[in-house]
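Q: From first to last, the protein sequence lines are chains A and B. Once you know that position 216 of the first sequence is 216 in the UniProt record's numbering, the rest is easy, because the numbers rise by one and skip nothing. Once you know that position 230 of the second sequence is 230 in the UniProt record's numbering, the rest is easy, because the numbers rise by one and skip nothing. Positions of the beta carbon are idealized from the N, C-alpha and C atoms, including for glycine. Sharing a structure here in structure tokens format.
There are 2 protein chains.
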Amino acid sequence: MLFIISLSILGLLLASPISGSSQSGSINVWPMPRNFSWPEPQANPLSPNFNILSPDHRYLSSAAKRYLHLILSEHHRPLVNPSSSVRINTSAPPLLTLAITVADLTAPLHHGVDESYTLTIPAAGGAAHLTAQTAWGAMRGLETLSQLVWGNPSLVAVGVYVWDSPLFGHRGLMLDTSRNYYGVEDLLRTIETMSANKLNVFHWHITDSHSFPLLVPSEPELASKGSYGSSMQYSPADVTKIVEFGLEHGVRVLPEIDSPGHTGSWAAAYPDIVSCANMFWWPAGVDWGDRLASEPGTGHLNPLNPKTYQVLKNVIHDVATLFPEPFYHGGADEIVPGCWKADPTIQSFLSRGGTLSQLLELFVNSTFPYIVSHNKTVVYWEDVLLDDNIKVQSAALPRENTILQTWNNGHNNTKRIVSSGYRTIVSSSEFYYLDCGHGDFLGNDSIYDQQTGSHAKDGGSWCGPFKTWQTIYNYDITYGLTEDEAKLVLGGEVALWSEQADPTVLDARIWPRTSAMAESLWSGNRDDKGTKRFAEATDRLNEWRSRIVARGVRAEPIQPLWCIKNSGMCNTVNSLGS
Amino acid sequence: MLFIISLSILGLLLASPISGSSQSGSINVWPMPRNFSWPEPQANPLSPNFNILSPDHRYLSSAAKRYLHLILSEHHRPLVNPSSSVRINTSAPPLLTLAITVADLTAPLHHGVDESYTLTIPAAGGAAHLTAQTAWGAMRGLETLSQLVWGNPSLVAVGVYVWDSPLFGHRGLMLDTSRNYYGVEDLLRTIETMSANKLNVFHWHITDSHSFPLLVPSEPELASKGSYGSSMQYSPADVTKIVEFGLEHGVRVLPEIDSPGHTGSWAAAYPDIVSCANMFWWPAGVDWGDRLASEPGTGHLNPLNPKTYQVLKNVIHDVATLFPEPFYHGGADEIVPGCWKADPTIQSFLSRGGTLSQLLELFVNSTFPYIVSHNKTVVYWEDVLLDDNIKVQSAALPRENTILQTWNNGHNNTKRIVSSGYRTIVSSSEFYYLDCGHGDFLGNDSIYDQQTGSHAKDGGSWCGPFKTWQTIYNYDITYGLTEDEAKLVLGGEVALWSEQADPTVLDARIWPRTSAMAESLWSGNRDDKGTKRFAEATDRLNEWRSRIVARGVRAEPIQPLWCIKNSGMCNTVNSLGS
């Protein structure tokens, strides 16, 4: 018996914070701040008349108003009662105000903007102070304060000093709104939850082969004919609403108009500019390498048709105008040879000695400078430079105007990109793809018709298995890079491709797994001693998930409730170590 | 080009119904009826004064009233407009009434009750007729009619004749409400959706080691001390509400009180009757075979303590009384040697030459007859007889009173059970476990701390990968059995264990994958020629999922919307065949 009891204690020890920021029990901030000092955990009442004094700033004033409402009304109930680790002093002077000071109220919300802040909540109550270089850093501090308030009547952690600043400037989520449609409210809720996790880039993969939901003023037929219907479009007013909402939440909205691949939906309005549109994606008897698309939904813009550029430039112009964000994502992933080869004009080009890579380079040379002329930095998927078969010369992509988003081959491709001098955004499909693990979506997939359970262990999904929160949390996006190379890693993005997702499952696919990346990119996944802190993070993530569920987000549970009520007991001591 | 176009047509052909029941385009009934005759697809108006004439029956009358409201108000919008395949005759005589005739109004909702029905909707409008042997069969027919109505103003398929009857009498869903709690409304919504899918058994895994949410009148401390809190309990009134709701929907509510394993939560009220309660589940340095539980959350009832039976018999008595269902599930799965061995009294028993199997047999002999004395048939998990180490002699389990639910080893264990003469319910974890594929839930699992993506392809979940709807649909639960053996297969149940599920994801974990089993067990997964119909079912399941989403169920999408709008184009011709 004795050994069992002692090991039970070991289990408990394993779950207690190993080191680092001194947060206390169930009162935690997610993502964990870089420096969180709370030497004598104590809570005072939050005054029912608590107020926030914000400098006048179009977006910060709005955020302050929103946080004031949240802080006064949330009355969060932690899963584990904080009173065992926090001294609750209900007769102490209440916290009356938060005074915000911002050094530079003019800094725009662009990549690399200073998001640091300090937050001081005195043990004596009265006034707390939030100081930041920019309005965007102040928003991060407001979120931190909101997570230090709980209970009914409200209590607030006092005797707290926070200094905070993100490790990576680009902390994003990509959502595909083409394969299935999401309503504007779904996007706003997602952006709001991103902000609560201190994420700052909503990468909106707006269009693809399946539907074209964006109403582009100069090319309205693309949506009127290529969307799933009039109720499944984003109007310019919708876009403005989403962009403004993003600014109020410190979240950039980065649009992607994927091309020249993934453009089947453009054919509804302009059949002439799309090769292989709406053809069967993988003809019988044809090798995988000669299929027409990477998955059902065919169509590539035809680089040889002048009309292609007329339409695309109209789209680029309008998108560049609708979205103030200085990054523009041009796509350029998954050029499938069979699709271009299916087009007669391209067949002629090839028969005259042209190559598919020349075709892509023609496309890039005809569009990249035009995007840049709108004062945009162009983001492309890595394929444009790293694809085995169809790629451009790096001379076509000046490093000062180009960022490559990596998704294949884990750290290897990150290394290839940055060692070539390009900046990168990391979205490794092996770690950061939120859609993986739910099996393939093909309608008649006979790998699922076996009676002995011998089908592929990854479940038939090309990027299976499912990426657990720990998989995401533990990924080191600069692994294996030199210090200089690492500087070219702007940050990371998890991605939700929507073959098997739509509004019914949006929240659960994204949260809380995206919270795991949020902390990893904000303050890291290691403690002061360099030990990975995923074990320590488990209880905190359970609490954080519970809070965002209470805020109206259907985040999925990561454990039985029993596990946080019995801290450490759902661990294993037979872990591989890290 | 030519070959590509012809193959595109092939793609379309692959998705069209191969044979069998003549449903038309997007107007379909799920699960597909055994015989659905609609030779000239036509739709007439549904009268705004449409009425249902039901015989007077406590539950059928209630169901008729509910379906009348649904039929008049649903105004379903099919994803694909039916007008291309159905002649819409808006000036034809409307359908005015449905007259229900039931031969035996006294038949209770027990296993094996006749659920057959015929439904006739004349092309001339006027009165439709629903004839059934029992009220429960009539409820199935009401659901069928509801799915033949769509549009605003409402249209209804006419010229339809349906004869229908299930292939298997037991078509169920198991839900674990112990690891995480679900509100009563969640259970009711689940039962309602089961009914819409013609499922008939809600197997309620009420208690486990993590929490004891059932308020048992004679043993109230089990819940007051062992639940997650007063707001996370099921009162006797809640149970009655759920049972009555089930009866109104033709769904039996089959309670499971798992014992002697999976009882850690009982220790909160009665620490003396539970061995190894609340100990660390897998002590460091201990072999897997000597762990204390199959997963975190330890505790087995102690068969040597007389108090055990006093408490358990009180529970059995009250549960047998609260639930009119003639089946009672006693659990008996996953007896872990290390747990019993941790108890001093059991250690003494073993040192005197006793065995763990004798201990289990003592437990069964002390409880099984008591359950049977309440006129119950006892369902146990297969482990009680098939476990490698701890199991009882079959003499302890009379075949006339015992049903064994299989979950391990696919068809092999089904065969072992029925070839021994026992009836079985099939819940193969390789095919029917809805929780699998989301990774392991351990709080510090270092298999997820690898930078090269080399972690287990099944994602670390013991029963990974994720079971896709096609995996579930294609499983043949009587595969490899003789005709006589197959008669002992009562049916099947999908199961949702709740380590990583709670109300936020309940619907999406269950639906529409459970719909796949529902059709497979109702009318089979093959057409008249014996060909598996999963390819044909894809568009129908997309439509059905869309309808249940509109009914308020957050079922997950199985494909891009594009796929059903381009029927067959999301198939593969490189399928393995079946």
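Compute the Euclidean distance between the alpha carbons of A/I191 and B/I121, then round it to the nearest angstrom.
A: Against the first sequence, residue 191 of chain A aligns to sequence position 191. Against the second sequence, residue 121 of chain B aligns to sequence position 121. Cα-Cα distance, rounded: 50 Å.
Q: Could you compute how far the alpha carbon of B/G524 sits from the alpha carbon of A/G421?
A: Reading the second sequence from its first residue, position 524 is the one you call residue 524 of chain B. Reading the first sequence from its first residue, position 421 is the one you call residue 421 of chain A. Straight-line Cα distance between these residues: approximately 59 Å.
Q: Cα-Cα, which of B/I257, B/N474, B/P82, B/L362 is closest to residue 582 of chain B?
A: Summary: the structure shown does not reach residue 582 of chain B, with chain B confined to residues 1 through 578, and so no result is reported for it.
Q: Applying a beta-carbon distance threshold of less than 8 Å, which residues of chain A neighbour residue 579 of chain B?
A: Outside the shown range of chain B (1 to 578) lies residue 579 of chain B, about which nothing can therefore be said.
Q: Is the shortest distance between the beta-carbon of A/M569 and the beta-carbons of chain B less than 8 Å?
A: Taking the first residue of the first sequence as position 1, residue 569 of chain A is located at position 569. Closer than 8 Å to some Cβ of chain B, the Cβ of A/M569 qualifies, so yes.
Q: Output needed in chain order: residues of the region 476-489 of chain A with a Cβ under 7 Å from some Cβ in chain B.
A: So the close ones are D476, Y479.
Q: Indicate whether the contact test is met: 3 or more Cβ pairs, each with one atom in the region 332-348 of chain A and one in the region 307-315 of chain A, closer than 8 Å.
A: No, the region 332-348 of chain A does not touch the region 307-315 of chain A.
Q: Once DSSP output is grouped into helix, strand and coil, what is the label at A/S373?
A: Along the first sequence, one-based indexing puts residue 373 of chain A at 373. Coil at A/S373, not helix or strand.
Q: Looking at chain A, which residues of the region 500-525 of chain B have a Cβ within less than 8 Å of any of its Cβ atoms?
A: Result list: Q500, A501, D502, T504, V505, D507, A508.
Q: Determine whether the Cβ of A/S85 lies closer than 8 Å to any Cβ atom of chain B.
A: Residue 85 of chain A sits at position 85 when you count from the first residue of the first sequence. No, because no Cβ of chain B sits closer than 8 Å to the Cβ of A/S85.
Q: Name the residue from B/G297, B/V392, B/W288 whose alpha carbon lies nearest to the alpha carbon of B/C276.
A: Taking the first residue of the second sequence as 1, we reach residue 276 of chain B at position 276. Comparing Cα-Cα distances from B/C276 to each of B/G297, B/V392, B/W288, the minimum goes to B/G297.
Q: Look at the alpha carbon of A/S16 and the alpha carbon of A/G568, and state the distance between them as a whole number of angstroms.
A: Position 16 of the first sequence, counting from 1, holds the residue named residue 16 of chain A. Position 568 of the first sequence, counting from 1, holds the residue named residue 568 of chain A. A caution first: A/S16 carries a pLDDT of 36, below 50, which makes its placement in the model unreliable, though a value can still be read off. A/S16 and A/G568: Cα-Cα distance of roughly 8 Å.
Q: How many Å lie between A/S154 and A/L79 at the Cα?
A: By one-based count along the first sequence, residue 154 of chain A stands at place 154. By one-based count along the first sequence, residue 79 of chain A stands at place 79. Computed Cα separation, rounded: 16 Å.
Q: When you compare only the Cα positions, how much space is there between B/R189 and A/L304?
A: Here residue 189 of chain B refers to the residue found at position 189 when the second sequence is read from its first residue. Here residue 304 of chain A refers to the residue found at position 304 when the first sequence is read from its first residue. Going from the Cα of B/R189 to the Cα of A/L304 covers about 55 Å.
Q: Pick out whichever of B/D507, B/D502, B/D114 has its Cα sitting closest to the Cα of B/G169.
A: On the second sequence, position 169 is the one that residue 169 of chain B refers to. When only C-alpha atoms are compared, the closest one is B/D114.
Q: Does B/N180 have its Cβ less than 8 Å from a Cβ in chain A?
A: Here residue 180 of chain B refers to the residue found at position 180 when the second sequence is read from its first residue. Closer than 8 Å: yes.
Q: Who are the near neighbours of A/S61 in its chain, counting only those whose CB is closer than 6 Å to its CB and skipping five residues on each side?
A: One-based indexing of the first sequence puts residue 61 of chain A at position 61. Counting only Cβ-Cβ distances below 6 Å, and skipping sequence neighbours, we find S54.
Q: With residue 599 of chain A and A/T424 assumed to form a contact (beta carbons below 8 Å), what rounded beta-carbon distance in angstroms separates them?
A: Not covered by the structure: residue 599 of chain A. The range shown for chain A is 1 to 578.
Q: Just to confirm my understanding: we take B/S428, look at its own chain, exclude 5 residues before and 5 after, and list those with CB closer than 6 Å. What are they?
A: Translated into the one-based positions of the second sequence, residue 428 of chain B becomes position 428. Cβ within range, chain order: G410.
Q: Taking three-plus beta-carbon pairs below 8 Å as touching, is the region 74-92 of chain B in contact with the region 257-274 of chain B?
A: As far as the Cβ criterion goes, the region 74-92 of chain B does not touch the region 257-274 of chain B, which means the pair count is below three.
Q: Looking at chain A, which residues of the region 273-307 of chain B have a Cβ within less than 9 Å of any of its Cβ atoms?
A: Of all residues in the region 273-307 of chain B, C276, N278, M279, F280, W281, W282, P283, A284, G285, V286, W288, L292, E295, P296, G297, T298 have a Cβ within less than 9 Å of some Cβ in chain A.
Q: Just to confirm, are A/N89 and A/N44 a CB contact at a threshold of 8 Å?
A: Looking up residue 89 of chain A in the first sequence gives position 89. Looking up residue 44 of chain A in the first sequence gives position 44. Yes, the Cβ-Cβ distance between A/N89 and A/N44 is below 8 Å.
Q: Tell me which residues of the region 525-555 of chain A have at least one Cβ-Cβ distance to chain B shorter than 7 Å, keeping chain order.
A: Taking 7 Å as the Cβ-Cβ cut-off against chain B, the residues of the region 525-555 of chain A that qualify are K532, F534, A535, T538, V549, R554, A555.
Q: Let's test the definition: count the other Cβ atoms within 10 Å of the Cβ of B/A487 and tell me whether it reaches 16, buried, or not, exposed.
A: Translated into positions along the second sequence, residue 487 of chain B becomes position 487. The sequence given here places Lys at residue 487 of chain B; Ala does not occur at that position. B/K487 should be labelled exposed.
Q: From A/F36 to A/D507, what does the alpha carbon distance come to, in whole angstroms?
A: What you label residue 36 of chain A is simply residue 36 of the first sequence in a count that begins at 1. What you label residue 507 of chain A is simply residue 507 of the first sequence in a count that begins at 1. Between A/F36 and A/D507, the C-alpha separation is close to 29 Å.
Q: Tell me the rounded alpha-carbon separation between A/I510 and A/Q470.
A: If you number the first sequence from 1, residue 510 of chain A lands on position 510. If you number the first sequence from 1, residue 470 of chain A lands on position 470. Answer to the nearest angstrom: the Cα atoms are 14 Å apart.
Q: Check whether the region 458-470 of chain A touches the region 160-167 of chain A, taking contact to mean three or more Cβ pairs, one atom from each stretch, closer than 8 Å.
A: Judged by Cβ distances under 8 Å, the region 458-470 of chain A makes no contact with the region 160-167 of chain A, as fewer than three pairs qualify.
Q: Taking a contact to mean a Cβ-Cβ separation below 8 Å, would you say A/D435 touches A/L496 in this structure?
A: Taking the first sequence and counting its residues from 1, one reaches residue 435 of chain A at position 435. Taking the first sequence and counting its residues from 1, one reaches residue 496 of chain A at position 496. Contact flag set, yes.
Q: Kindly list the residues whose CB is nearer than 8 Å to the CB of B/G183, restricted to its own chain and excluding five residues on each side of it in sequence; keep chain order.
A: To locate residue 183 of chain B, count along the second sequence from 1; it is residue 183. Correct list, in chain order: P503.
Q: So, helix, strand or coil for A/L148, using DSSP?
A: For the purposes of this step, residue 148 of chain A is taken as the residue at position 148 of the first sequence. DSSP places A/L148 in coil when its eight states are reduced to three.
Q: Taking the alpha carbon of B/S26 as the reference point, which residue from B/S357, B/A537, B/E248, B/Y380 has its own alpha carbon closest?
A: On the second sequence, position 26 is the one that residue 26 of chain B refers to. Comparing Cα-Cα distances from B/S26 to each of B/S357, B/A537, B/E248, B/Y380, the minimum goes to B/A537.
Q: Does the beta carbon of A/F212 sit closer than 8 Å to a beta carbon anywhere in chain B?
A: Within the first sequence, residue 212 of chain A is the residue found at index 212, counting from 1. Not an interface residue.
Q: Is the beta carbon of B/H210 sitting closer than 8 Å to the one on B/R179?
A: As a position in the second sequence, residue 210 of chain B is number 210, starting the count at 1. As a position in the second sequence, residue 179 of chain B is number 179, starting the count at 1. Yes, these two residues count as a Cβ contact at 8 Å.
Q: Is A/T468 close to chain B, meaning its C-beta is less than 8 Å from at least one C-beta of that chain?
A: Taking the first residue of the first sequence as 1, we reach residue 468 of chain A at position 468. Judged by the 8 Å Cβ criterion, A/T468 is in contact with chain B.
Q: Note down, in chain order, each residue of its chain lying with its Cβ closer than 8 Å to the Cβ of B/V392, except the 5 sequence neighbours on either side.
A: Translated into positions along the second sequence, residue 392 of chain B becomes position 392. Hits under 8 Å: S357, L360, E361, V364, V384, L385.
Q: If we define contact as Cβ-Cβ less than 8 Å, is B/D449 a contact residue for chain A?
A: Your numbering for residue 449 of chain B matches position 449 in the second sequence. Taking Cβ atoms only, chain A reaches closer than 8 Å to B/D449, which makes this a yes.
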